[in-house]
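Protein chains: 2
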Amino acid sequence: MRSRDPDALVSAAVAGDRGAVARLLSLVERGGAAAQEVGRLTYPLGGQAYSIGITGAPGSGKSTLTNRLVEVVRRTGSEVGVLAIDPSSPFTGGAILGDRVRMQDHALDAGVYIRSMATRGHLGGLALATPQAIRVLDAAGLPLVFVETVGVGQVEVEVAGAADTTVVVVNPGWGDAVQANKAGLLEVADIFVINKADRPGAQQARRDLQEALDYATRERHRPPIIETVAVAGQGVAELWEAIEGHHSFLASSGELEARRARRIDDELREIVARRLEQRAHELCRGEPFARLRRAVLDRELDPYGAAEDILRRAGAGRPGGEDDQEPSDD
Amino acid sequence: MRSRDPDALVSAAVAGDRGAVARLLSLVERGGAAAQEVGRLTYPLGGQAYSIGITGAPGSGKSTLTNRLVEVVRRTGSEVGVLAIDPSSPFTGGAILGDRVRMQDHALDAGVYIRSMATRGHLGGLALATPQAIRVLDAAGLPLVFVETVGVGQVEVEVAGAADTTVVVVNPGWGDAVQANKAGLLEVADIFVINKADRPGAQQARRDLQEALDYATRERHRPPIIETVAVAGQGVAELWEAIEGHHSFLASSGELEARRARRIDDELREIVARRLEQRAHELCRGEPFARLRRAVLDRELDPYGAAEDILRRAGAGRPGGEDDQEPSDD
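Just so you know, the protein sequences line up as chains A and B, in that order. Counting from 295, one number per residue, gives the positions in the first sequence under my numbering. Counting from 295, one number per residue, gives the positions in the second sequence under my numbering.
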């Protein structure tokens, strides 16, 4: 019994074994050769899942909202996966644990698969681990995957923004909470939610959003603004309709395919860049590096000459040397 | 007459031709093969110059202070170079121009070489261009080089912090102006200056700095805090004494050599990483890349398989594939 063998785990996951799904996600989190193997095995089996990113400042009610959306989706009979992406910050660890407890509402529902994800050793961190995790759920036959991030930092917004439909959750008086990355949120949002809309300031928040959207030049569809009170379930059906509406818009306009193609481009560039960066770290250590450094310190070799030597040794040097000024065919 | 030929320019610069120095610095700014050639030619000629980084928030009086320090240094008979590093932000462009006008006090003094530097095409930007620019001044025989940056952003603090002695300039009520990168400033400072010390709050600024320094665990020498009123020349001689004192401390403790060796390590890693990054961008375009992307979109190949293919084609692949989990000998 090779329970950690990716091949056996993928077969089990496809056959409906949720424990196998969990073990595959652990392999993805940990990174390395096994994660890559999981990607190789699951990728050809997928392509059916629709992903929905949900992001917003901590405390904005994202988890409650996701929980409510899962209820709505389950009433349609569809199975659903939820990935709660946690960048493992000591400041947010507590919050996400609390959120997860609330999500236990669905713990006994076999049609819902919920998993918190951090990144341990995955090359490129959450930005590269999350698409691989979605592929595991996709291969396991879950037609919908919610990807919820715990904050509005650059990586979190990027992760949520890499979904098919991205929902940005704000609250009345939202300005301060998202100030640091407001432009990033406006950029990725397909749908805005004003959660806790029963609190004072909801109409002001709507006007602020409208104004920000007027200002941001957008070629594609203008994000609708949905008001919800997630704890009471208010507005959640309307939000689900907006998500389905955006899905239909993407599918009928050809934008879904174009968007996924752009994501593959980004992912390939990121994998290549991270692998090369990793290579640079490997190259700048050990005895050969120490010898080159000595030569540079003794002024027998200049730093660029030493770098050329390192790159040549790695097979990554080019005959022309540094040619960042050469015309490109890009 | 090949006036842009790096070899001829370096010979002329060494012989005292300041026009040749200016043209060499333009080549460094522009980057590419010529900049690399300038580095190759100037590096073996240098090693005598002592560099002094000066950083602080815009408006803190760095340029006036540098100007005054140049006066003090010139009275000792020593020649001096000043590099004003400008990240070309539209928001700071005006400020540095104003600063440069003030520096014209020294315009007719042949013992002072002043130059504003931006980065145009240099690989790795100012962080990599600045050491190369210092080497040009070093090869040209200037024994002292002031490196002044226009703000307290991460790159600017990094650039100033890569000097032999780093001076951080604050003002009374300094907290807000440097809040975003306070930790970075504390990390790089060898000497603190409270400029405009005739204004209210100078003693509070000193107490704040003392407290911050108590808090920051430091093994090396504790940065002195010098009060200046640069416009009136007050405290400038004392600041120069502190700079000379720090220089003596570094030289006698062996820390100067150790610090320069660490900087060479950092620079080599940075050059290698930037070259590999550049390689990644080159690899992710053109017809072969388009074919791989198509295969990924058609799910004939997974993204990691495609990335392997790209890296192999570049000679940067490794037989073992992604092995970020392998034990390292680091």
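All C-beta atoms in this analysis are idealised placements derived from N, C-alpha and C, irrespective of residue type, glycine included. Just so it is clear, the structure is predicted and the values come from calculations on it, not from any experiment.
From the beta carbon of Q528 of chain B, is the nearest beta carbon of chain A less than 9 Å away? For the purposes of this step, residue 528 of chain B is taken as residue 234 along the second sequence, with counting starting at 1. Not one chain A Cβ lies under 9 Å of Q528 of chain B.
Separation of V374 of chain B from D311 of chain B, as counted between CA atoms: Walking along the second sequence from the start, residue 311 of chain B turns up at place 17. Walking along the second sequence from the start, residue 374 of chain B turns up at place 80. Computed Cα separation, rounded: 15 Å.
Minimum C-alpha distance to E594 of chain A - residue among B:L339, B:A314, B:L319: The sequence position of residue 594 of chain A within the first sequence is 300, counting from 1. For the residues B:L339, B:A314, B:L319, the minimum Cα distance to E594 of chain A belongs to B:L339.
Which same chain residues, not among the five before or five after G333 of chain A, have their C-beta less than 7 Å away from its C-beta? For the purposes of this step, residue 333 of chain A is identified with residue 39 of the first sequence, where counting begins at 1. Within the same chain, G333 of chain A has close Cβ partners Q426, R429.
For V566 of chain A and chain B, any beta-carbon pair shorter than 9 Å? Locating residue 566 of chain A in the first sequence gives position 272, counting from the first residue. Closer than 9 Å: yes.
Whole-angstrom C-beta distance between V463 of chain B and V487 of chain B, which should lie under 8 Å: If you number the second sequence from 1, residue 487 of chain B lands on position 193. If you number the second sequence from 1, residue 463 of chain B lands on position 169. Right, their Cβ atoms sit about 5 Å apart.
Is the CB of D623 of chain A under 9 Å away from at least one CB in chain B? Position 329 of the first sequence, counted from the start, is the residue given in the question as residue 623 of chain A. Residue placement at D623 of chain A cannot be trusted, given a pLDDT of 36 that sits under 50; what the coordinates show is reported in the next sentence. So yes, D623 of chain A belongs to the interface.
Is any beta-carbon of chain B found at less than 9 Å from that of E323 of chain A? Counting from 1 along the first sequence, the entry for residue 323 of chain A is found at position 29. Chain B contact via Cβ: absent.
Can you tell me whether DSSP reads D380 of chain A as helix, strand or coil? Looking up residue 380 of chain A in the first sequence gives position 86. D380 of chain A falls in the coil class under three-state DSSP.
Reducing DSSP to helix, strand and coil, say where R549 of chain A ends up. Mapped onto the first sequence, residue 549 of chain A falls at position 255. Before going on, a small fix: residue 549 of chain A reads as Glu here, not Arg. Three-state result, E549 of chain A: helix.
Does any C-beta atom of chain B lie closer than 9 Å to the C-beta of D559 of chain A? Position 265 of the first sequence, counting from 1, holds the residue named residue 559 of chain A. Yes, its Cβ sits closer than 9 Å to a Cβ of chain B.
Provide the residue span of the beta strand (DSSP E) that contains S278 of chain A, from first to last. Chain A is shown from 295 up to 624; residue 278 of chain A falls before or after that span and cannot be answered.
Answer with yes or no whether the minimum CB distance from P425 of chain A to chain B is below 9 Å. To locate residue 425 of chain A, count along the first sequence from 1; it is residue 131. Yes, contact with chain B.
Counting along the chain, where does the beta strand (DSSP E) carrying Y344 of chain B start and finish? Within the second sequence, the letter at position 50 stands for residue 344 of chain B. That run of the beta strand (DSSP E) goes 344-350.
Return the chain-ordered list of same chain residues with a C-beta closer than 7 Å to the C-beta of G350 of chain B, the five sequence neighbours on each side being excluded. Taking the second sequence and counting its residues from 1, the one referred to as residue 350 of chain B is at position 56. The residues are K356, V446, V462, V463, V464.
DSSP state of V366 of chain B mapped onto helix, strand, coil: Here residue 366 of chain B corresponds to residue number 72 of the second sequence, with the count starting at 1. In the structure shown, V366 of chain B sits in a helix (DSSP, three-state: H, G or I).
Find out if the Cβ-Cβ distance for the pair L319 of chain A, V304 of chain A is shorter than 9 Å. Here residue 319 of chain A refers to the residue found at position 25 when the first sequence is read from its first residue. Here residue 304 of chain A refers to the residue found at position 10 when the first sequence is read from its first residue. The answer is no: Cβ separation not under 9 Å.
Tell me which residues share the same chain as T424 of chain A and place their Cβ nearer than 8 Å to its Cβ, disregarding the 5 neighbours each side in the sequence. Residue numbering aside, residue 424 of chain A sits at position 130 when the first sequence is read from its first letter. Excluding residues within five positions, the ones whose Cβ falls inside 8 Å are L377, I379, M411, V441, V453, A456.
Measuring CB to CB, does P293 of chain A end up less than 9 Å from R493 of chain A? A query on residue 293 of chain A cannot be resolved here, the shown segment of chain A reaching from 295 to 624 and no further.
Residues of its chain near D618 of chain B, where Cβ-Cβ distance is below 6 Å and the 5 sequence neighbours each way are ignored: Counting from one through the second sequence, the residue named residue 618 of chain B turns up at place 324. Since pLDDT at D618 of chain B reaches only 40, below the 50 mark, its modelled position is unreliable, and no value is offered.
Mind reading off the beta-carbon distance from A343 of chain A to L420 of chain A? Whole number of angstroms is fine, and I expect it under 8 Å. For the purposes of this step, residue 343 of chain A is identified with residue 49 of the first sequence, where counting begins at 1. For the purposes of this step, residue 420 of chain A is identified with residue 126 of the first sequence, where counting begins at 1. Their Cβ separation, rounded to whole angstroms, is 18 Å, which puts A343 of chain A and L420 of chain A out of contact at 8 Å.
Applying the criterion that 16 or more other CB atoms from any shown protein chain within 10 Å of the CB defines a buried residue, is G405 of chain B buried or exposed? Within the second sequence, numbered from 1, the residue matching residue 405 of chain B stands at position 111. Burial call: exposed.
On a CA-only basis, which of A:D560, A:I604, A:L533 is nearest A645 of chain B? Give me that one, please. Within the shown structure, residues of chain B are numbered from 295 to 624, placing residue 645 of chain B beyond reach of any answer.
Can you tell me whether Q504 of chain A is buried or exposed? The criterion is at least 16 other CB atoms within 10 Å of its CB, across all chains shown. As a working note, residue 504 of chain A is residue 210 in the first sequence. Q504 of chain A is exposed by the Cβ-count criterion.
Name the residues in the region 590-611 of chain B whose C-beta lies less than 7 Å from a C-beta of chain A; which are they? V590, L591, R593, D596, P597, Y598, G599, A600, A601, I604, L605, A608, G609, A610
Where H540 of chain A and T459 of chain A are concerned, what is the direct C-alpha to C-alpha distance, given to the nearest angstrom? To locate residue 540 of chain A, count along the first sequence from 1; it is residue 246. To locate residue 459 of chain A, count along the first sequence from 1; it is residue 165. So the two alpha carbons sit approximately 7 Å from each other.
Could you give the distance in angstroms between the alpha-carbon of W627 of chain B and the alpha-carbon of A499 of chain B? Here chain B has residues from 295 to 624 only, and residue 627 of chain B is not among them.
Residue environment, H575 of chain A, which counts as buried when at least 16 other CB atoms sit within 10 Å: Taking the first residue of the first sequence as 1, we reach residue 575 of chain A at position 281. Per the 10 Å Cβ criterion, exposed.
From B:Q528, B:I348, B:D484, residue whose alpha carbon lies closest to that of T360 of chain B: Walking along the second sequence from the start, residue 360 of chain B turns up at place 66. It is B:I348 whose Cα lies nearest to the Cα of T360 of chain B.
Could you tell me the distance, in whole angstroms, from the CA atom of E551 of chain B to the CA atom of A545 of chain B? Position 257 of the second sequence, counted from the first residue, corresponds to residue 551 of chain B. Position 251 of the second sequence, counted from the first residue, corresponds to residue 545 of chain B. Whole-angstrom Cα-Cα distance: 8 Å.
Answer yes or no: do I565 of chain A and P517 of chain A have a C-beta to C-beta separation smaller than 9 Å? Locating residue 565 of chain A in the first sequence gives position 271, counting from the first residue. Locating residue 517 of chain A in the first sequence gives position 223, counting from the first residue. Their beta carbons are not under 9 Å apart, which means I565 of chain A does not touch P517 of chain A by this criterion.
Proximity to E450 of chain A [Cα-Cα], best of A:L438, A:G478, A:V439, A:D432: As a position in the first sequence, residue 450 of chain A is number 156, starting the count at 1. For the residues A:L438, A:G478, A:V439, A:D432, the minimum Cα distance to E450 of chain A belongs to A:G478.
Does the separation of the CB atoms of L321 of chain A and I346 of chain A fall below 9 Å? Stepping through the first sequence from its first residue, residue 321 of chain A is reached at position 27. Stepping through the first sequence from its first residue, residue 346 of chain A is reached at position 52. No; because the gap between Cβ atoms is not below 9 Å, this pair is not in contact.
Per-residue burial, A434 of chain A [other beta carbons within 10 Å of its own, 16 or more giving buried]: Counting from one through the first sequence, the residue named residue 434 of chain A turns up at place 140. The residue in question, A434 of chain A, is buried, as its Cβ has 16 or more Cβ neighbours within 10 Å.
So E521 of chain A is in the alpha helix (DSSP H); what residue range does that whole segment cover? Translated into the one-based positions of the first sequence, residue 521 of chain A becomes position 227. Careful: E521 of chain A lies outside any alpha helix (DSSP H), inside the beta strand (DSSP E) at 519-521.
Applying the criterion that 16 or more other CB atoms from any shown protein chain within 10 Å of the CB defines a buried residue, is G325 of chain A buried or exposed? If you number the first sequence from 1, residue 325 of chain A lands on position 31. Result: buried.
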